[in-house]
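For the sequence shown, our numbering begins at 1414 and goes up steadily by one. Ideal Cβ placement from N, Cα and C applies to all residues, glycine included. Worksheet: one structure, shown below.
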Amino acid sequence: MSGLAKTFPLSKKELEELTNTYPTPFYLYDEKAIRNNARRITGAFGVFPGFKEHFAVKALPNPAILKILAEEGFGADCSSLMELLLAEMAGLKGEEIMFSSNNTPAEEYREARRLGAVINLDDFSHIEFLQNSAGLPELISCRYNPGPIKAGNAIIGKPEEAKYGFTREQILAAYPLLQENGVKRFGLHTMVASNELSLEYHIETARMLFELVVEIKEKTGISMEFANLGGGVGIPYEPEDKAVDYQDLVKGIKAAYREIIDPACLDSHPPLGIRIEWGRAVTGPYGWLVTRAIHTKNIYRSYIGLDACMADFMRPAIYGAYHHISVLGRENETPVGIFDVTGSLCENNDKFAVQRPLPKIDSGDFVIIHDAGAHGRAMGFNYNGKLRCGELLVKSEGNIVQIRRPETAADYFATIE
Ligand SMILES: Cc1ncc(COP(=O)(O)O)c(C=O)c1O
């Protein structure tokens, strides 16, 4: 599947009607598409023993979405106390929840322990910290940072410059220490990429982790119950990008498993399980930021001003990320000019697109920002006193429900004494 044909689930007439009840801007998510995608992921990865996808809550932290994914058999990957509470709110419990935090406060470990979540330690020093603050659980995972490897990409950077995880030496020392202190079951985790479309990259990451599983067994006698390959699978943001083929990806990871894990006779019962914690690839393509154009401006450049801003959606501004933009009803019209598409924040990087060829856009036209279903509303903020927009869900049955209302002035002032 390539991103070439960017779709939107509603016609212009349907959207006109919807905005009588819910004015723009808002996020819109497509339940049926999310469920179909979840089934394709499970269908492909189901070949592995003990497979579990723990959806990265940070990508789309809304309990309505977490519940849909839970019904599809997904757990949650949480990075903070509030995300743990969101997972609980969605009905997830115990080992369905991974807790992959870093620089973790004691109260967050206590909450993770209360929920029985699988704690994924980010640092050697946290073994003692966790023991003192919340006690060590029976099952624990450690996050590996491989240091200088040829991997590393624009968003996450080079692993040796990333703050996450244990070094190889630390990880080899960590498991025996954990075992001495009563831990009985173990997992190994890594995440060295973000928004990476290359299959080889993800297969190499799996290979690296499998080799480490074998090395840990050889050097410490400790068997891993699971290897967690993290998130970071990319989506085709640009029309010419090619989506990751799940079957091909699994084929590559399976070959590495057969080559490295099978002959190592790890003597683990059950055999090494595979976990992932994808966010973007699960919901990203099935969410849209729906806006209206409110102004055009012509100075040294031409600008289209929208009724949403970077406070609703900051990926283009902070990463220079490409998000496809279409004008509902004008998808097939030829561009009439090159525009910067902006919000209303007093920040010059408050732009959804820079120098983008676009068709004629009149004030009031629906401007759709595509692939906004992950790391979208979640990254919003209140700078300039901007209120973040709400979220709607097109249910599988076709009806549309609001799953988060827009912020109000009362929300904005609620924390002021
Ligand atoms: C630990 C961890 N797991 C999973 C994810 C999800 O990544 P993605 O949405 O790119 O799959 C992230 C993203 O930052 C992360 O930090």
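Between the alpha carbons of residue i and residue j, how many angstroms are there, rounded?
i, j, result
"Gly-1416", "Asn-1641", "Confidence at Gly-1416 is low in this model, with a pLDDT of 47, below 50, so the placement of that residue is unreliable and no value is reported for it."
"Gln-1815", "Ala-1791", "16 Å"
"Tyr-1650", "Gly-1786", "11 Å"
"Thr-1580", "Tyr-1557", "6 Å"
"Glu-1838", "Val-1780", "The structure shown does not extend to residue 1838, since the chain is modelled only from 1414 through 1830, so no value can be given for it."
"Ile-1359", "Val-1749", "The displayed coordinates of the chain run from 1414 to 1830. Any statement about residue 1359 would go beyond what the structure contains."
"Glu-1628", "Ile-1689", "21 Å"
"Thr-1437", "Glu-1429", "10 Å"
"Glu-1830", "Arg-1818", "24 Å"
"Lys-1820", "Cys-1802", "Before going further, note that residue 1820 is Glu rather than Lys in the sequence given. If I take the Cα positions, the gap works out to 6 Å."
"Asp-1824", "Asn-1795", "11 Å"
"Ile-1666", "Leu-1505", "28 Å"
"Cys-1409", "Val-1460", "Past the edges of the chain, shown from 1414 to 1830, lies residue 1409, and the structure says nothing about it."
"Phe-1599", "Phe-1639", "7 Å"
"Leu-1601", "Gly-1634", "15 Å"
"Glu-1746", "Pro-1770", "11 Å"
"Leu-1622", "Phe-1421", "38 Å"
"Ser-1739", "Gly-1643", "32 Å"
"Ser-1424", "Ser-1611", "34 Å"
"Lys-1571", "Ala-1519", "29 Å"
"Lys-1664", "Pro-1683", "21 Å"
"Asp-1720", "Gly-1777", "10 Å"
"Cys-1555", "Thr-1828", "37 Å"
"Leu-1543", "Ala-1822", "40 Å"
"Arg-1523", "His-1539", "13 Å"
"Leu-1431", "Val-1596", "53 Å"
"Ile-1447", "Ile-1774", "30 Å"
"Ala-1669", "Gly-1463", "17 Å"
"Thr-1696", "Ile-1532", "24 Å"
"Phe-1826", "Asn-1762", "26 Å"
"Ala-1619", "Glu-1804", "35 Å"
"Lys-1799", "Ile-1553", "41 Å"
"Leu-1662", "Arg-1693", "16 Å"
"Ala-1730", "Ala-1766", "9 Å"
Using a beta-carbon distance below 8 Å, is residue i in contact with chain D?
i, result
"Glu-1672", "Included in the structure is just one protein chain, with no chain D present."
Please work out which residues of its chain come closer than 6 Å, Cβ to Cβ, to residue i, disregarding the five sequence neighbours upstream and downstream, and give them in chain order.
i, result
"Gly-1718", "Ile-1707, His-1708 and Thr-1755"
"Gln-1583", "Phe-1537"
"Cys-1678", "none"
"Gly-1507", "Gly-1529"
What first and last residue would you give for the beta strand (DSSP E) that runs through residue i?
i, result
"Asp-1824", "First-last for Asp-1824: 1822-1826, but that is the alpha helix (DSSP H), not the beta strand (DSSP E)."
"Asn-1711", "1700-1711"
"Asp-1784", "Unbroken run through Asp-1784: none, as it is neither H nor E."
"Ala-1547", "First-last for Ala-1547: undefined, no H or E at that position."
"Cys-1766", "The question names Cys, but residue 1766 in the sequence shown is Ala. Start and end: 1764-1771."
"Arg-1688", "1686-1689"
"Val-1814", "1813-1817"
"Phe-1458", "Element bounds for Phe-1458: not the beta strand (DSSP E) but the alpha helix (DSSP H), 1444-1458."
"Ala-1669", "Not the beta strand (DSSP E): Ala-1669 falls in the alpha helix (DSSP H), residues 1659-1669."
"Leu-1431", "Looking at the DSSP string, Leu-1431 is not in any beta strand (DSSP E); the run it does join, the alpha helix (DSSP H), is 1425-1434."
"Thr-1755", "1750-1755"
"Cys-1491", "1488-1491"
"Ile-1510", "1510-1513"
"Glu-1466", "1465-1469"
"Ile-1648", "Unbroken run through Ile-1648: none, as it is neither H nor E."
"Ala-1640", "1639-1641"
"Ile-1532", "1531-1534"
Excluding the 5 residues flanking residue i on each side, which residues of the same chain have their C-beta closer than 7 Å to its C-beta?
i, result
"Ile-1568", "Its pLDDT being 48, under 50, Ile-1568 is placed unreliably by the model, and the measurement read from it follows with that caveat. So the list reads Ser-1607, Asn-1608 and Tyr-1732, once near-sequence residues are dropped."
"Asn-1516", "none"
"Glu-1501", "Leu-1528"
"Arg-1573", "As written in the sequence, residue 1573 is Glu, which differs from the Arg given in the question. Taken in chain order, the residues that qualify are Gly-1560 and Pro-1561."
"Glu-1444", "Ile-1481, Leu-1806, Val-1807, Lys-1808 and Ser-1809"
"Ser-1514", "Ser-1492, Ser-1493, Glu-1521 and Asp-1535"
"Ser-1841", "With the chain represented from 1414 up to 1830, any question about residue 1841 goes unanswered, as that position is not in the structure."
Considering residue i, what are the terminal residues of the alpha helix (DSSP H) in which it resides?
i, result
"Met-1360", "For residue 1360 there is no data in the structure shown, the boundaries of the chain being 1414 and 1830."
"Ile-1481", "1476-1484"
"Leu-1622", "1612-1633"
"Glu-1524", "1519-1528"
"Arg-1801", "Here Arg-1801 belongs to no alpha helix (DSSP H), and DSSP marks it neither H nor E."
"Ala-1694", "1693-1696"
Take residue i and list the residues in its own chain whose beta-carbon comes closer than 8 Å to its own, dropping the five residues that flank it on each side.
i, result
"Ser-1715", "Thr-1709, Gly-1750, Ile-1751, Phe-1752 and Asp-1753"
### Any 3 or more C-beta pairs closer than 8 Å across the region 1462-1472 and the region 1809-1823
no
### Task
Give a yes or no on contact between the region 1485-1494 and the region 1450-1467, applying the rule of three or more CB pairs nearer than 8 Å.
Judged by pairs of C-beta atoms under 8 Å, the region 1485-1494 touches the region 1450-1467, as three or more such pairs exist.
### Query
Hey, which unbroken runs of the alpha helix (DSSP H) at 4 residues or more fall wholly within the region 1718-1748?
1728-1732
#### Entry: 4-residue-minimum alpha helix (DSSP H) runs that sit fully inside the region 1552-1602, ordered along the chain
If we require 4 residues or more, the alpha helix (DSSP H) runs fully inside the region 1552-1602 come out as 1581-1593.
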